[in-house]
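J.: Before I ask anything, let me first share the structure, which is written out below as structure tokens.
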Amino acid sequence: MRHDISEARAMPLIWVSRLGNGVWQSEVANSIGIRAATLADMITQLEAAKLIERREDPKDQRAKALWLTEEGTTLAAKLEEMLSELHEDILSEFDTAELEIATKILRRISMRQPKSNRFLTNR
């Protein structure tokens, strides 16, 4: 199995894996921080590559649930491993005190994000 996959298309795979099979497309779009229409195009490409399946939600047939295929599950696990190695490599340059400060700052920024996100999504 070899997939040349862009970072943009890798994100839905990773987030479906993290959120669990059967997650709604809208939840994945919100987690990534993109519009549902943008995600729909990515999902179509991932479906064509046989990495993801779209299924109707039995509770709400208007909603589409996403499921990783066996190949998609394997690829998502490899992508998570690559991300973990990348994070370790990047963060190895910082000591514990620096990481604690950075974490505090990023938490404060993320707490403000929903307010700024409304500006971007209401265009």
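Per this note's numbering, the very first residue in the sequence shown carries number 390; after that it's consecutive. Glycine residues also receive a C-beta, built at the ideal position from the N, C-alpha and C atoms. These figures come from a predicted structure and were not determined experimentally.
1) I'd like to know if the segment 435-449 and the segment 461-470 are in contact, where contact means that at least 3 CB-CB pairs between them fall below 8 Å.
2) Helix, strand or coil: how does DSSP classify ASP484 here?
3) Near ARG424, which residues of its chain fall below 6 Å by C-beta distance, leaving aside the five closest residues on each side in sequence?
4) Can you tell me where the beta strand (DSSP E) with ASP430 in it begins and where it stops?
5) In angstroms, rounded to a whole number, what distance separates the CA positions of LEU457 and TRP413?
6) Do you know how far the Cα of PRO401 is from the Cα of SER395?
7) Would a C-beta distance cut-off of 8 Å place ILE421 and LEU455 closer than the cut-off?
8) If we define contact as Cβ-Cβ less than 8 Å, is GLN434 a contact residue for chain B?
9) Please name the residue or residues paired with ILE441 in a DSSP beta bridge.
10) In the DSSP assignment, find the unbroken alpha helix (DSSP H) run with SER415 in it and report its ends.
T.: Let me spell this out:
1) yes
2) coil
3) none
4) Element bounds for ASP430: not the beta strand (DSSP E) but the alpha helix (DSSP H), 425-437.
5) 12 Å
6) 11 Å
7) no
8) The structure shown contains no chain B; it is built from a single protein chain.
9) LEU457
10) 414-421 is the span of the alpha helix (DSSP H), which, as asked, contains SER415.
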